[in-house]
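J.: Residue numbers (the numbering used here): 15 to 132.
Right under this line is the structure:
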């Protein structure tokens with residue numbers, strides 16, 4: 015059985031690098047998560063990497079993550095610490111903004127029955 019890897023932030027630097035590397039092996043089914051899977055960055059990656067499933071997900075919305083992780087064996091997770099609204103939230107005293115995104119990834123992966131989180 016081919017394992018399914020869900021890649022959080024697939025249009026970002028780390029996520030797109032993981033997407034590129036795993037796609038090159040041809041050994042995995044890949045599910046790319048993005049806040050905007052129909053945006054320009056996703057369109058560019060879709061053109062390069064055929065056969066990848068693209069789904070919407072938001073790190074501040076555990077339900078969207080849980081849905082996106084359904085059936086996945088592994089999740090590659092990355093927070094969006096550099097995202098403008100995260101930085102603004104931290105500047106205004108929400109020191110747990112990035113932590114909460116990481117916790118949401120872990121909680122959703124556990125709820126979806128994911129085997130491994132990277």
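Even glycine gets a Cβ: it sits at the ideal position worked out from N, Cα and C.
Do the CB positions of residue 24 and residue 59 come within less than 8 Å of each other?
T.: Residue mapping note: residue 24 aligns to position 10 of the chain shown, counting from 1. Residue mapping note: residue 59 aligns to position 45 of the chain shown, counting from 1. Result yes, Cβ atoms of residue 24 and residue 59 sit closer than 8 Å.
J.: Do the region 112–131 and the region 71–89 make contact, defined as three or more Cβ pairs closer than 8 Å?
T.: At 8 Å Cβ cutoff, the stretches touch.
J.: Hey, quick one: how far does the beta strand (DSSP E) through residue 44 stretch, first residue to last?
T.: Position 30 of the chain shown, counted from the first residue, corresponds to residue 44. 42–48 is the extent of the beta strand (DSSP E) around residue 44.
J.: May I ask which residues mark the beginning and end of the alpha helix (DSSP H) holding residue 113?
T.: Here residue 113 refers to the residue found at position 99 of the chain shown. Where residue 113 is concerned, the enclosing alpha helix (DSSP H) stretches over 111–125.
J.: Secondary structure at residue 166, three-state DSSP: helix, strand or coil?
T.: Nothing can be reported for residue 166, as the shown portion of the chain is limited to 15 through 132.
J.: Taking its Cβ as the centre, do 16 or more other Cβ atoms sit within 10 Å of residue 83, making it buried, or is it exposed?
T.: As a working note, residue 83 is residue 69 in the chain shown. Result: buried.
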